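Novice:
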Amino acid sequence: MYNKMWHQTQEALNSLLDKESQKLVEQEKNPVYIFQMLATFYIKYVQIFRNLENVYDQIVHPQKRLLIRKILDGVMGRILELKNDMVELELSEFHYFDDILQDLKLAPQQLDIPIPKYFLKEKIEVIRERKKILAQILADSGLDATSMKLAIKSMPFEEAIKLIQIAERARQGRLRALFMKQIYLQEYRAKQARLLGEKVADTGAAALRIQKNPPPLFDQVSATIIQAEKVSLLRSAVQLRHEEGYREALVTIKNDLQQTEGPDIKESLRDQIRQWFIECRNLTGSFPEYPSVEDGGSAMIFSHKTPEQEEEEEWKMSRSAFLPSMKEGSDVYKDTWMNKDESQNFPQDYDEELIKKEKRKEVEAEIRAQVDELMRQELKNLKLAVNKEIELPVRAGKKGKKKNKGKKGKRGKRGKKDKDLTADRTIESLFKELVEEGLLIQARKVNLSDYIGEYSYLGTTLRHVSIEPMPSLLDVRQLITLYGILPLGSAAVHEKAPLVKSLLLAGPSGVGKKMLVHTICTETGANLFNLSAANIAGKYPGKNGLQMMLHMVFKVARQLQPSVVWIEDAEKTFYKKVPNNEKMNDPKRLKKQLPKILKLLKPDDRILIVGTTQHPFDAELQSFCRAYQKIILVPRPDYASRYVLWKQIIQRNGGVLTKALNISCLAKVTDGFTQGNIVKVVKGVLTDRRIRQQTQKPLTPAEFIPLIASMNPVYKEEEECFKNWYAKTPLGRKRVLSLTVGGREKETEKGKKGKRRKKNK
1 MYNKMWHQTQ
11 EALNSLLDKE
21 SQKLVEQEKN
31 PVYIFQMLAT
41 FYIKYVQIFR
51 NLENVYDQIV
61 HPQKRLLIRK
71 ILDGVMGRIL
81 ELKNDMVELE
91 LSEFHYFDDI
101 LQDLKLAPQQ
111 LDIPIPKYFL
121 KEKIEVIRER
131 KKILAQILAD
141 SGLDATSMKL
151 AIKSMPFEEA
161 IKLIQIAERA
171 RQGRLRALFM
181 KQIYLQEYRA
191 KQARLLGEKV
201 ADTGAAALRI
211 QKNPPPLFDQ
221 VSATIIQAEK
231 VSLLRSAVQL
241 RHEEGYREAL
251 VTIKNDLQQT
261 EGPDIKESLR
271 DQIRQWFIEC
281 RNLTGSFPEY
291 PSVEDGGSAM
301 IFSHKTPEQE
311 EEEEWKMSRS
321 AFLPSMKEGS
331 DVYKDTWMNK
341 DESQNFPQDY
351 DEELIKKEKR
361 KEVEAEIRAQ
371 VDELMRQELK
381 NLKLAVNKEI
391 ELPVRAGKKG
401 KKKNKGKKGK
411 RGKRGKKDKD
421 LTADRTIESL
431 FKELVEEGLL
441 IQARKVNLSD
451 YIGEYSYLGT
461 TLRHVSIEPM
471 PSLLDVRQLI
481 TLYGILPLGS
491 AAVHEKAPLV
501 KSLLLAGPSG
511 VGKKMLVHTI
521 CTETGANLFN
531 LSAANIAGKY
541 PGKNGLQMML
551 HMVFKVARQL
561 QPSVVWIEDA
571 EKTFYKKVPN
581 NEKMNDPKRL
591 KKQLPKILKL
601 LKPDDRILIV
611 GTTQHPFDAE
621 LQSFCRAYQK
631 IILVPRPDYA
641 SRYVLWKQII
651 QRNGGVLTKA
661 LNISCLAKVT
671 DGFTQGNIVK
681 VVKGVLTDRR
691 IRQQTQKPLT
701 PAEFIPLIAS
711 MNPVYKEEEE
721 CFKNWYAKTP
731 LGRKRVLSLT
741 VGGREKETEK
751 GKKGKRRKKN
761 K
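Heads up: the sequence shown runs through residues 1 to 761, numbered per the UniProt record's numbering.
(1) By the three-class DSSP mapping on this structure, what secondary structure does A536 have?
(2) Check each candidate in G655, I632, A497 and name the one with the smallest Cα separation from K602.
(3) Evaluate residue 764 with the Cβ neighbour count: other Cβ atoms within 10 Å of its Cβ, from every protein chain shown; 16 or more gives buried, anything less gives exposed.
(4) From L645 to I48, what does the alpha carbon distance come to, in whole angstroms?
(5) Within 10 Å of its beta-carbon, does R616 have 16 or more other beta-carbons around it, so buried, or fewer, so exposed?
(6) Determine the extent of the beta strand (DSSP E) in which A506 is found, giving its start and end residues.
(7) According to DSSP, residue 765 sits in a beta bridge with which residue or residues?
(8) Is I367 close to chain D, meaning its C-beta is less than 8 Å from at least one C-beta of that chain?
(9) Roughly how far, in whole angstroms, is the beta-carbon of L72 from the beta-carbon of Y56, given that I think they are within contact range, below 8 Å?
(10) Take the Cβ of K402 as the centre, count every other Cβ of all protein chains shown within 10 Å, and call the residue buried at 16 or more, exposed below.
(11) Kindly indicate which three-state DSSP category T687 falls into: helix, strand or coil?
(12) Whose C-beta lies closer than 7 Å to the C-beta of K659 among residues of the same chain, with five residues either side of it excluded?
(13) Measuring CA to CA, which of K543, E93, Q370 is closest to R733?
(14) Who are the near neighbours of R477 in its chain, counting only those whose CB is closer than 7 Å to its CB and skipping five residues on each side?
(15) DSSP three-state call for T613: helix, strand or coil?
(16) Is DSSP giving I115 helix, strand or coil here?
(17) Going by DSSP in three states, residue 762 sits in which element: helix, strand or coil?
(18) Within 10 angstroms of the Cβ of S466, are there 16 or more other Cβ atoms? Answer buried if so, exposed if not.
(19) Under 7 Å Cβ to Cβ from M548, same chain only, skipping five residues before and after it: list those, please.
(20) By how many angstroms is the C-alpha of P116 removed from the C-alpha of L233?
(21) May I have the straight-line CA-CA distance separating K728 from R689, to the nearest angstrom?
(22) Kindly indicate which three-state DSSP category L699 falls into: helix, strand or coil?
(23) Consult DSSP for Y575 and reduce its assignment to one of helix, strand or coil.
(24) In this structure, does DSSP put L633 in helix, strand or coil?
(25) Give me the Cα-Cα distance between E31 and Q8, rounded to the nearest whole angstrom.
(26) Please state whether the Cβ-Cβ distance between V564 and F431 is less than 8 Å.
(27) Take the Cβ of F179 as the centre, count every other Cβ of all protein chains shown within 10 Å, and call the residue buried at 16 or more, exposed below.
(28) With C-beta atoms as the reference, is V75 less than 8 Å away from M326?
(29) D475: which of R558, L17, P637 sits nearest, CA to CA?
(30) Which word fits M1, buried or exposed, when buried means at least 16 other C-beta atoms lie within 10 angstroms of its C-beta?
(31) My output table needs one value for I301: the three-state DSSP class, helix, strand or coil.
(32) Can you tell me the Cα-Cα spacing of E312 and P324, whole angstroms?
(33) How many angstroms separate the CA atom of P114 from the CA atom of A369?
(34) Please name the residue in D98, N3, D586 whose C-alpha comes closest to that of H464.
(35) Using only alpha-carbon positions, find the residue among I480, T740, P469 that is nearest to E720.
(36) Determine the extent of the alpha helix (DSSP H) in which Y42 is found, giving its start and end residues.
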């Protein structure tokens with residue numbers, strides 16, 4: 001089934017690669033047409049990615065999995081590249097594809113990008129071990145108990161006694177009421193039984209009989225679910241076993257080839273090279289110069305390029321870093337797997353012939369290196385014997401010395417710049433210190449699917465009338481996947497994809513900004529470092545202390561990547577004016593250091609700096625935006641998202657949906673309220689007692705209203721403040737300019753004037 005799914009997906013990918021190659025050659029100036037083209041490619045790649053992720057998780061053949069993984073990473077990277085192109089073209093982080101989805105006959109839900117299961121599956125043991133160490137350090141230091149105490153607000157002693165007395169009287173009153181109710185019901189049942197002439201039932205005996213003979217399938221998990229879990233575990237075990245067998249076969253088959261075919265390969269190579277010596281001597285009258293190791297040795301002599309290869313070198317393809325790897329993977333699929341007969345490989349174990357073909361090249365390359373050394377000496381001897389030629393390596397030596405001198409100077413300078421302040425300490429000791437200082441914290445287990453939202457169905461309509469819509473919660477979730485989870489989860493993608501070093505989540509309280517930070521860590525298995533102004537206050541004082549703290553954090557973050565560095569209340573680092581009550585904490589400690597840190601982050605550093613803010617207006621806009629590469633506006637939920645939120649949160653907390661509970665009514669009434677408000681209301685209403693009463697007394701909207709009324713919503717004015725602030729950010733400003741009449745012309749003219757001024761200066 002999954003082999004068939006792979007073949008179908010691969011055909012779709014091959015077709016898409018051909019179309020993309022054709023379109024990239026064509027030159028088009030119409031931005032609307034270009035966006036339509038990019039969006040179509042993006043949507044199709046997302047569909048291919050969804051299928052490939054599923055196939056990679058299910059297939060057990062080790063060699064197929066290696067190829068699928070390579071293509072999967074390529075598709076993932078291409079999605080990020082197309083997203084980057086669309087942002088640069090539309091000057092917006094959010095896009096709406098209603099018309100394209102309609103043409104492709106797809107539902108909006110099919111745009112959802114899945115998170116590859118291999119992100120966690122392949123390093124589950126490492127994550128478990130790290131969590132265990134972190135928990136142990138916290139337990140030894142007594143930090144978990146301290147953090148719990150800090151969360152509790154202190155109150156006066158008299159007030160505490162009064163509160164306990166009130167609670168105790170209420171508890172006794174409830175118990176008395178329950179006891180009186182039981183007596184009343186018992187008497188009522190006995191009276192009814194006497195009137196009807198029936199024997200009074202012993203409730204104790206009845207309860208005992210029910211306990212002895214529980215109803216069938218009582219408190220049991222569905223057999224289908226149990227079977228599915230068994231199959232999943234079995235598949236994982238088979239995948240692991242096949243991969244181990246494949247790794248062992250790589251070594252044994254290579255050793256066998258070296259012993260059986262190695263001597264023949266060696267002799268054949270020597271004969272070929274000797275023949276080359278003779279041919280060159282006959283044609284030119286002298287022996288040739290032997291190619292150096294850097295040039296590829298004797299391999300360069302016998303590499304004959306076909307006309308097709310020559311053409312390919314001359315023709316510049318696209319600027320994509322992932323198209324070549326996808327094309328290469330597709331070619332391997334066509335040559336090896338497309339028409340391969342696997343009727344004799346039912347267990348889907350490794351293919352020995354494919355390993356031999358692959359390892360034969362390695363063996364030949366290793367033997368060639370040995371043969372080259374021998375043949376270089378043989379060529380020298382021939383030159384001395386026949387031509388009496390003597391090589392003079394003096395000039396080469398001098399040149400070499402000069403080069404080395406230059407390199408040495410550069411290396412010394414770089415070494416001084418990247419000085420390791422903790423060279424004498426282990427990563428384990430640094431890890432422990434950061435945990436004890438509260439700079440490395442335990443991420444809450446929150447999946448991205450827990451961030452509930454719905455697609456914006458009015459986005460395209462509003463943009464047609466030049467109104468910039470607020471993003472939906474599903475749009476925000478997509479951006480977190482694209483900018484945070486996918487690059488951090490895959491090293492291959494992070495190295496080549498458009499690099500996102502920092503991310504800012506801006507929005508009112510209760511919209512789930514902190515939750516999204518923990519989600520990134522959960523889905524990628526990343527470490528979570530907390531460099532919030534409040535958290536680093538008083539720690540590692542002074543300039544040297546700050547330097548040491550940042551060095552330790554980023555050294556551990558690099559060694560144990562992927563890592564997320566979280567800065568809560570990010571605006572405090574870039575305050576326009578520090579409030580008097582915060583001056584002691586020095587909230588702007590990281591202001592100068594943060595841009596320097598970002599410059600030092602390289603593509604192979606899977607580290608993401610994430611800031612969260614409720615008051616971005618309090619920060620200096622220019623330096624704030626310079627520190628955060630991507631700014632995501634997290635809005636209050638719209639009607640569609642509120643409808644889904646109410647429905648799912650009620651069900652998750654044990655509520656039962658009936659006709660008496662009008663979800664649409666609740667969604668309309670809670671316009672302006674955040675996800676946090678809705679969760680609090682649902683948990684407040686659905687107590688254990690209320691959940692048990694649902695069979696006799698179904699839930700109604702009226703039960704939720706009193707709690708909603710006691711909370712403050714996010715008013716339209718506050719939302720407008722966020723929109724106006726975002727319009728002042730670099731991308732927001734460009735977007736506003738592009739929407740105004742002649743905006744683009746003004747911008748280009750402004751750019752030209754700026755260039756002229758620079759030239760005049």
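Even glycine gets a Cβ: it sits at the ideal position worked out from N, Cα and C.
Keep in mind the model is a prediction, meaning the values are calculated, not measured.
Specialist: The answer reads as follows:
(1) For the purposes of this step, residue 536 is taken as residue 536 along the sequence shown, with counting starting at 1. According to the sequence provided, residue 536 is Ile. The question's Ala does not apply to it. Judged by DSSP in its simplified three-state form, I536 adopts helix.
(2) If you number the sequence shown from 1, residue 602 lands on position 602. It is A497.
(3) Residue 764 falls outside the range modelled here, since the chain spans only 1 to 761, and no answer is possible.
(4) Taking the sequence shown and counting its residues from 1, one reaches residue 645 at position 645. Taking the sequence shown and counting its residues from 1, one reaches residue 48 at position 48. Roughly 29 Å between the two C-alpha positions.
(5) Against the sequence shown, residue 616 aligns to sequence position 616. Here residue 616 turns out to be Pro, not Arg, going by the sequence shown. Buried is the call here.
(6) Walking along the sequence shown from the start, residue 506 turns up at place 506. Counting along the chain, the beta strand (DSSP E) containing A506 begins and ends at 502-506.
(7) The structure shown does not extend to residue 765, since the chain is modelled only from 1 through 761, so no value can be given for it.
(8) You won't find chain D in this structure, because it holds only one protein chain.
(9) Working through the sequence shown from its first residue, we reach residue 72 at position 72. Working through the sequence shown from its first residue, we reach residue 56 at position 56. At roughly 6 Å, the Cβ-Cβ gap stays under 8 Å, so L72 and Y56 are in contact.
(10) Reading the sequence shown from its first residue, position 402 is the one you call residue 402. Residue placement at K402 is poorly supported in this model, since its pLDDT is 43, which falls under 50; the coordinates are not used for a value here.
(11) Counted from its first residue, the sequence shown places residue 687 at position 687. T687: coil per DSSP, three-state reduction.
(12) Here residue 659 corresponds to residue number 659 of the sequence shown, with the count starting at 1. Cβ within range, chain order: n/a, list empty.
(13) Residue numbering aside, residue 733 sits at position 733 when the sequence shown is read from its first letter. That would be E93, whose Cα lies nearest to the Cα of R733.
(14) As a first step, residue 477 is located in the sequence shown; it is residue number 477 there, counting from the start. Around R477: L448, Y451, G453.
(15) Sequence index remark: in the sequence shown, residue 613 carries index 613 (1-based). Correct three-state label for T613: strand.
(16) Looking up residue 115 in the sequence shown gives position 115. In the three-state reduction of the DSSP assignment, I115 falls in the coil class, being assigned neither a helical nor a strand state.
(17) A query on residue 762 cannot be resolved here, the shown segment of the chain reaching from 1 to 761 and no further.
(18) As a first step, residue 466 must be located in the sequence shown, where it is residue number 466. Result: exposed.
(19) Translated into the one-based positions of the sequence shown, residue 548 becomes position 548. Hits under 7 Å: L421, Y540.
(20) Within the sequence shown, numbered from 1, the residue matching residue 233 stands at position 233. Within the sequence shown, numbered from 1, the residue matching residue 116 stands at position 116. Distance between the alpha carbons of L233 and P116: 17 Å.
(21) What you label residue 728 is simply residue 728 of the sequence shown in a count that begins at 1. What you label residue 689 is simply residue 689 of the sequence shown in a count that begins at 1. One C-alpha to the other measures close to 51 Å.
(22) Taking the sequence shown and counting its residues from 1, the one referred to as residue 699 is at position 699. Looking at L699 - three-state DSSP - the assignment turns out to be coil, as it is neither helix nor strand.
(23) As a first step, residue 575 is located in the sequence shown; it is residue number 575 there, counting from the start. Looking at Y575 - three-state DSSP - the assignment turns out to be strand.
(24) For the purposes of this step, residue 633 is taken as the residue at position 633 of the sequence shown. In the structure shown, the three-state DSSP call for L633 is strand.
(25) Translated into the one-based positions of the sequence shown, residue 31 becomes position 31. Translated into the one-based positions of the sequence shown, residue 8 becomes position 8. The question names Glu, but residue 31 in the sequence shown is Pro. Straight-line Cα distance between these residues: approximately 32 Å.
(26) To locate residue 564, count along the sequence shown from 1; it is residue 564. To locate residue 431, count along the sequence shown from 1; it is residue 431. In this structure, F431 does not lie closer than 8 Å to V564 by Cβ.
(27) Reading the sequence shown from its first residue, position 179 is the one you call residue 179. It counts as exposed.
(28) The residue labelled residue 75 in the question sits at position 75 within the sequence shown. The residue labelled residue 326 in the question sits at position 326 within the sequence shown. Cβ distance < 8 Å, so V75 and M326 count as in contact.
(29) The sequence position of residue 475 within the sequence shown is 475, counting from 1. The candidate whose alpha carbon is nearest that of D475 is P637.
(30) Translated into the one-based positions of the sequence shown, residue 1 becomes position 1. By the neighbour-count rule (16 or more Cβ atoms within 10 Å), M1 is not buried but exposed.
(31) As a first step, residue 301 is located in the sequence shown; it is residue number 301 there, counting from the start. Coil at I301, not helix or strand.
(32) Here residue 312 is taken as the residue at index 312 of the sequence shown, counted from 1. Here residue 324 is taken as the residue at index 324 of the sequence shown, counted from 1. With a pLDDT of only 40 at E312, under the threshold of 50, the placement of this residue in the model should not be trusted; the figure read from the coordinates follows. Between the C-alpha atoms of E312 and P324 there is a straight-line separation of about 12 Å.
(33) Numbered from 1 along the sequence shown, position 114 holds the residue referred to as residue 114. Numbered from 1 along the sequence shown, position 369 holds the residue referred to as residue 369. Each residue's alpha carbon lies about 45 Å from the other.
(34) What you label residue 464 is simply residue 464 of the sequence shown in a count that begins at 1. Looking at D98, N3, D586, the one whose alpha-carbon comes closest to that of H464 is D98.
(35) As a first step, residue 720 is located in the sequence shown; it is residue number 720 there, counting from the start. Out of I480, T740, P469, P469 has the C-alpha closest to the C-alpha of E720.
(36) Residue numbering aside, residue 42 sits at position 42 when the sequence shown is read from its first letter. Counting along the chain, the alpha helix (DSSP H) containing Y42 begins and ends at 31-58.
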